[in-house]
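Encoded as structure tokens, the structure appears first; notes follow it.
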Ligand SMILES: Nc1ncnc2c1ncn2[C@@H]1O[C@H](COP(=O)(O)OP(=O)(O)OP(=O)(O)O)[C@@H](O)[C@H]1O
Ligand SMILES: [Mg+2]
């Protein structure tokens, strides 16, 4: 679905150029989701901006379904690090924001957004405002806003940070089953080794000065469920990731 070749990213400030990362290559398909993990400042969010078409590469190319990615595509949905809900809009209005911008009628918005809110089990919170929601509920609204657009690739930036361990695992299970049902490609950024191992079939471990691409063989997405966290393979994979992060 997405093919990244020799990708470099940089920011230009006061006529100087700051390289964030260089020479990154990988592929993502709906059956091979990717986790991106690495220390703060290594360029994880920058990579998602590039994959969403919101930022241009310094070098290299990104192919989406075989075509060069030039600017934003509606099939690619990005959920940003701090979920950015509009405080003066309700859950329903926040979740349907993308559809409203695209000119959907109120009826169409309801028909599209209700099933997504139900899937994420927040359909009883329709008329609440963000300040009346827990962190986990806010994160689900941000994810609902992205899913309502029926994307084929979902980019999540630390979607479940600052949640308690069980809510976090519950949302990880939910995302995994949604991606599987909808055959949705997933690239997700995290600081958590367990989360990277659970959600990603492959992991891009970014470090200062380089990156490693790891993959776990033996458990396809199809078989993976909550019980995978108890599996030896899962623990081996966590240890492998830990080792690469320390390099
Ligand atoms: N708009 C910008 N202009 C200049 N430099 C930037 C800009 N945005 C990010 N940077 C720099 O680029 C580097 C990578 O930033 P990025 O946000 O991608 O890191 P990250 O890996 O997502 O970090 P974190 O884990 O803290 O979210 C950092 O050094 C950051 O200061
Ligand atoms: Mg970031």
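In the working numbering, the protein residues as written are 5 to 251.
Beta carbons are placed, not taken as given, at the ideal position from N, Cα and C, and that holds for glycine.
Classify residue 5 as helix, strand or coil using the three-state DSSP reduction. For the purposes of this step, residue 5 is identified with residue 1 of the chain shown, where counting begins at 1. Of the three classes helix, strand and coil, the one that applies to residue 5 here is coil, per DSSP.
Could you check what DSSP says for residue 16 in three-state terms: helix, strand or coil? One-based indexing of the chain shown puts residue 16 at position 12. Correct three-state label for residue 16: strand.
Runs of alpha helix (DSSP H) lying entirely within the segment 37-91, each at least 4 residues, in chain order: Correct list: 48-55.
What is the DSSP secondary structure of residue 27, counted as helix, strand or coil? The count along the chain shown starts at 1 and reaches residue 27 at position 23. Three-state result, residue 27: strand.
With DSSP run on the structure shown, which of helix, strand or coil describes residue 181? The residue labelled residue 181 in the question sits at position 177 within the chain shown. Per DSSP, reduced to three states, the secondary structure at residue 181 is helical.
Where the beta strand (DSSP E) containing residue 211 begins and where it ends: Position 207 of the chain shown, counted from the start, is the residue given in the question as residue 211. It spans 206-211 - the beta strand (DSSP E) in which residue 211 sits, taken as one unbroken run.
Considering only heavy atoms of ligand 2 and the C-beta of each residue, which residues fall inside 7 angstroms, strictly closer? 48, 49, 85, 161, 162 and 193
Rounded separation between residue 251 and residue 211 - CA only: For this step, residue 251 is matched to residue 247 along the chain shown. For this step, residue 211 is matched to residue 207 along the chain shown. So the two alpha carbons sit approximately 8 angstroms from each other.
Measure the beta-carbon distance from residue 64 to residue 11 and round it to whole angstroms, keeping in mind my assumption that it falls under 8 angstroms. Walking along the chain shown from the start, residue 64 turns up at place 60. Walking along the chain shown from the start, residue 11 turns up at place 7. Sure, about 4 angstroms apart at Cβ, within 8 angstroms.
Residue 235: first and last residue of the uninterrupted beta strand (DSSP E) it sits in: As a first step, residue 235 is located in the chain shown; it is residue number 231 there, counting from the start. First-last for residue 235: undefined, no H or E at that position.
Within 8 angstroms: the Cβ of residue 22 and any heavy atom of ligand 1? Along the chain shown, one-based indexing puts residue 22 at 18. Checking every heavy atom of ligand 1 against the Cβ of residue 22, one is found closer than 8 angstroms.
Can you have a look at residue 72 and say buried or exposed, based on whether 16 or more other CB atoms are within 10 angstroms of its CB? Numbered from its first residue, the chain shown carries residue 72 at position 68. Looking at its Cβ environment, which holds fewer than 16 other Cβ atoms inside 10 Å, residue 72 is exposed.
Sort 53, 91 and 111 by Cα distance to residue 81 and report the nearest one. Along the chain shown, one-based indexing puts residue 81 at 77. Comparing Cα positions, the closest option is 53.
Start and end of the beta strand (DSSP E) containing residue 124? Locating residue 124 in the chain shown gives position 120, counting from the first residue. Where residue 124 is concerned, there is no enclosing beta strand (DSSP E), given that its DSSP letter is neither H nor E.
Given residue 22 as reference, the closest of 62, 41, 32 and 37 once Cα atoms are compared: Taking the chain shown and counting its residues from 1, the one referred to as residue 22 is at position 18. The candidate whose alpha carbon is nearest that of residue 22 is 62.
C-alpha gap between residue 180 and residue 18, whole angstroms: Residue numbering aside, residue 180 sits at position 176 when the chain shown is read from its first letter. Residue numbering aside, residue 18 sits at position 14 when the chain shown is read from its first letter. So the two alpha carbons sit approximately 43 angstroms from each other.
Enclosing alpha helix (DSSP H) for residue 188 [first to last residue]: The sequence position of residue 188 within the chain shown is 184, counting from 1. That residue, residue 188, is in no alpha helix (DSSP H); it is neither H nor E in DSSP.
For residue 99, count neighbouring Cβ atoms within 10 angstroms of its own Cβ and tell me buried if that reaches 16, exposed if not. Indexing the chain shown from 1 puts residue 99 at position 95. Buried, since its Cβ has 16 or more Cβ neighbours within 10 Å.
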